[in-house]
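Asker: Quick note on the working numbering: the sequence shown kicks off at 25 and runs consecutively.
Beta carbons are placed, not taken as given, at the ideal position from N, Cα and C, and that holds for glycine.
Mind looking over this structure? Questions follow.
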Amino acid sequence: MRFGGWTWLRRLGRIFLALIALALIVSVVALIWLRRSLPLLDGTVISPDLTQNVKVDRDSMGVPSIYAATWPDLAFAQGFVHAQDRFFQMDLMRRQSVGRLSELIGKRALDYDQRQRIHQLDTVAQKAFERETPQHRAIAEAYAAGVNAGLKSLKSRPFEYILLSATPEPWQPKDSFCVILAMFFELHDSQANQDRNLGLLREALGDEWCEYLAPRGTLWDSPVVGEPFSQPGIPQNSLPLAPTPEGDPAPEPEKPGSNNWAVGGGLTETGAAMLANDMHLGIRNPNTWYRVDLHLTEGPKATRCTGVSLPGVPGMVSGSNGSIAWGFTNSYGDYYDLIELEENPARTHYRTNEGWMEYGHINDPIRVKGEPDAVLSLKTTQWGPVLEYGPHHYALLWTAHFPEAINFNLVRMMEARSVAEAVAVAPQCGIPPQNLMVVDAQGNLAWTIIGRIPNRTFDGRFPVPWSQAGLGWQGWLGPDLVPKVVNPTDQRLWTANSRVCSGEDVQRLGDGGYDLAARARQIRDRLYARDRFKESDFLDIQLDFEARFMGEWQKFLLTTLQSAEHRTPLQEKCLGILQQWEGVASTDSKAYFLVRNLRRSLSRAVMATFTQSLKENKNFDFGQLPQTEGPVWDLLTKQPSHLVPANSESWSAWILNEIESQLQKLEKEEGPVEELTWGRFNVFQAQHPLASGIPFLGRYLNSEPRALPGDSNLPRVQATRFGASERLVVQPGHEEKAFFHMPGGQCGHPLSPFFLKGIHDWESGKATPLLPGPAKYHLTLQARSPK
């Protein structure tokens, strides 16, 4: 028995050692395989698609400095490095905009693809490419050739494709336009949800209540031009008010946005104007943007431009060329319309201002990996695709549906030498319309809208039947009508996704869901608190997490609890925490977390109570209504006696009951409220799109989770998967002093020395330079027959 036992143990030991050896072999093979798809950093690559040799130097961060004599050669090299470092990201973006993800990842993407295919943007992208100027077509073609050369120069396909058992598809010139269109989806409401919800609200409650519950602005408004909109008066007619529905508080919406601001040369030591830009987006690994230093070395438009590019598109998105610097924030103008359709009884025709017209029909096959093709049946009108929401049928018209709204004119921004030139280029650029903030080395500064703006003569916030004569889009706003502010007398400009202008200008832009202006006000106040600025002062504003907006809610909650005749034990604990208010959205703040949570709960309760007549309508979501902070605050602070919520004797009793309910919920689900800090919940992590699908090893594709300060209604916007996708501070002509942060590295490959490099500087707010450091790697892209 003993002998047999030892034999069994020896066999078990051999099996164990064999498994270890096998695991080591697999690990070594996997490591070798992974390393084969690493980008090429040094050496020479020969290409017949170049007219002259191109030099690509990289610094220790992996930032490429590209030196080329012509725009096509520069675009080729940029495509080469984009593909080597970020091809999978580029591929996802071109597929996202046209609904082709199912081809790559299977049926789990089918619902998404069907929503995207409604817009039929593959055709738009192709037409946009075909109508480009010869110069820009040459740039698109050279960029595509560079992408394919970069992909081919990898010793193995990018690791994501092996995990997906897929083969990368070659890049086509039109694909860069697909990537631009993907940013329309990122930044715009592609289903016109706000219009639909406003229409349903007005239909159910009437004009007066609709204007009250979804106002055009609040007292927080801080436009550069004009005054805040006043809160509409509380309607005197009552509404049927239901008891507060149960459920979790609606999450704070993470609206794609940004901050930027500028001061003129009279407020800086150098005499050059200065720009700050934070573009707020959902943050993934790799990051949306790719740092690059572009040198066009010959010709009358020779330039050097440093900043961030979008993988999949040639040129620069935001940066500085020594003469000007520019950046963007989401403008939230009205760039889409829902057209209410009047149909015949059979629903085969719809009315236009020229009579009845028959619906068009498209059967669009969608390839699905490992499955039969799915077919999307789409009904169309002369204006756009049909969206059906119960009894309401609409046609959707969106700027992204027009090929003339998508182009490569942004490359001309790199060639501009003054604010005046940049402002002239802006209306001709084919990108999602944005707030453009631009400054120059002579001390000038300006704000305007970059991109195409629909020319309409009606209020586009609500669905409207275009069968009425005179309704519709009359082309695009001409350059003279595009809103702009150039060199304001106080030499300060700011935007933060809220309303910037007033009067006729805001009527021309429309209202696509302006954000609450608490951020804008805090930035504005910081700018007026000083008379002179240097780069570090702007960085301080970018990292500012003082909670001025939430401070007003802390005062309200504190007063409410202090004035209560009787307080529960939980309310006593809450009162004690509120009295320790630090006034900042710091990771260790208990008071900030509690105020934020109670504000969210009370806001949801107010809006749910006052829109209860729409509760059964699955197509209505009060979370899509704009500026609800205005009516919520108005009702809670004025407490009108004719609008006391149901089953409550008074507003005070109702508010205390809501506070108690939320505190009980927190204690049950999260633990004692006195132990809950903001940092426990505001934990940031940049995640790779495939990480969740890779057992055990997927986490190595993500950044380390880290609690960070900041929130949505203050300058340092920060959430778990959302925040500043870059931070830039620069004076053109003084780039050596400029700062730059980005939440991630240049390369998406986990074995790259640049993978996630720089993310800790972004997290900590460390001042790091915009300009690349000394060259550490040298790559030559050699023309087969140099001219």
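Would you mind giving the Cβ-Cβ distance between V392 and S126, rounded to the nearest angstrom? I have them listed as a contact below 8 Å.
Answerer: 4 Å
Asker: Could you check what DSSP says for H212 in three-state terms: helix, strand or coil?
Answerer: coil
Asker: Any beta carbon of chain C sitting closer than 8 Å to that of D199?
Answerer: In the structure shown, chain C does not exist; there is a single protein chain.
Asker: With H, G and I counted as helix, E and B as strand and the rest as coil, what does DSSP make of C202?
Answerer: helix
Asker: Going by other Cβ atoms of all chains shown within 10 Å of its Cβ, with 16 needed for buried, is A166 buried or exposed?
Answerer: buried
Asker: Can you tell me whether M574 is buried or exposed? The criterion is at least 16 other CB atoms within 10 Å of its CB, across all chains shown.
Answerer: buried
Asker: When you compare only the Cα positions, how much space is there between L725 and Y314?
Answerer: 18 Å
Asker: Taking the alpha-carbon positions, what's the H417 to L411 distance?
Answerer: 6 Å
Asker: According to DSSP, which residues form a beta bridge with L400?
Answerer: For L400, which the question treats as bridged, DSSP gives the partners D388.
Asker: From K198, E693, G288 and G757, pick the residue whose C-alpha is nearest to that of W518; which is it?
Answerer: G288
Asker: I need the straight-line Cα distance from G789 to F763, nearest angstrom please.
Answerer: 10 Å
Asker: Please list, in chain order, all residues of the same chain as L505 whose beta carbon is under 7 Å from its beta carbon, the five residues on each side excluded.
Answerer: R532
Asker: Is it buried or exposed, M381, if we count other Cβ atoms within 10 angstroms and call 16 or more buried?
Answerer: exposed
Asker: Could you tell me the boundaries of the alpha helix (DSSP H) in which I160 lies?
Answerer: Strictly speaking, residue 160 in this sequence is His, with Ile absent from that position. It spans P158 to S177 - the alpha helix (DSSP H) in which H160 sits, taken as one unbroken run.
Asker: I need the straight-line Cα distance from L98 to T804, nearest angstrom please.
Answerer: 13 Å
Asker: Sort I455, L469 and A228 by Cα distance to A297 and report the nearest one.
Answerer: L469
Asker: Across which residues does DSSP place Y552 in a beta bridge pair?
Answerer: In DSSP, Y552 forms no bridge with anything.
Asker: Report the start-end ranges of each beta strand (DSSP E) in the stretch 471-540 that is 3 residues or longer and not cut off at the edges.
Answerer: You should have 478-480, 497-500, 508-510 and 516-519.
Asker: Can you tell me the Cα-Cα spacing of D272 and D535, whole angstroms?
Answerer: Low confidence applies to D272: its pLDDT is 48, below 50, so where it sits in the model is not reliable enough to give any reading.
Asker: Going by Cα to Cα distance, which pick from N301, T481, R545 and Q595 is closest to E251?
Answerer: Of N301, T481, R545 and Q595, the residue nearest in Cα terms is R545.
Asker: For L363, which of helix, strand or coil comes out of DSSP?
Answerer: In the sequence on display, residue 363 carries Ile and not Leu. In the three-state DSSP reduction, I363 falls in the strand class (E or B).
Asker: Measuring alpha carbon to alpha carbon, tell me which of V668, L291, D645 and P798 ends up nearest D555.
Answerer: L291
Asker: Go ahead and pull the three-state DSSP assignment for P273.
Answerer: Note that P273 scores a pLDDT of 45, beneath 50, so its modelled location is shaky and nothing firm can be said.
Asker: Whole angstroms is fine: what's the gap from W57's alpha carbon to H106's?
Answerer: Between W57 and H106, the C-alpha separation is close to 21 Å.
Asker: Just the C-alpha distance for A799 and D109, rounded to the nearest angstrom, thanks.
Answerer: 18 Å
Asker: Determine, using beta-carbon pairs with one atom in the stretch 567-584 and one in the stretch 306-313, whether at least three such pairs fall under 8 Å.
Answerer: no
Asker: Does P719 pass the burial test, meaning 16 or more other C-beta atoms within 10 Å, or should it be called exposed?
Answerer: exposed
Asker: Would you be able to state if there are at least three C-beta pairs under 8 Å between the stretch 186-196 and the stretch 221-231?
Answerer: In this structure the stretch 221-231 does not lie against the stretch 186-196, because fewer than three pairs of beta carbons, one per stretch, are closer than 8 Å.
Asker: Specify the secondary structure class of K79 as computed by DSSP and reduced to three states.
Answerer: Three-state DSSP puts K79 in a strand.
Asker: Pull up the distance between the alpha-carbon of P275 and that of L638, whole angstroms please.
Answerer: Note that P275 scores 48 on pLDDT, short of 50, meaning its location in the model is unreliable; the coordinates nonetheless yield the value given after this. When rounded, the distance between both Cα atoms is 20 Å.
Asker: For Q566, which of V741, E322 and I683 has the nearest alpha-carbon?
Answerer: V741
Asker: What do you reckon, are the CB atoms on R141 and I390 nearer than 8 Å?
Answerer: yes
Asker: How is the alpha helix (DSSP H) around F104 delimited, first residue to last?
Answerer: W95 to V122
Asker: Near S491, which residues of its chain fall below 6 Å by C-beta distance, leaving aside the five closest residues on each side in sequence?
Answerer: Closer than 6 Å at Cβ, skipping near neighbours: E366, R375, T376 and N377.
Asker: Where S262 and Q686 are concerned, what is the direct C-alpha to C-alpha distance, given to the nearest angstrom?
Answerer: In a straight line, the C-alpha of S262 is about 27 Å away from that of Q686.
Asker: Please report how far the alpha carbon of E184 lies from the alpha carbon of L714, in whole angstroms.
Answerer: The alpha-carbon atoms of E184 and L714 are separated by roughly 8 Å.
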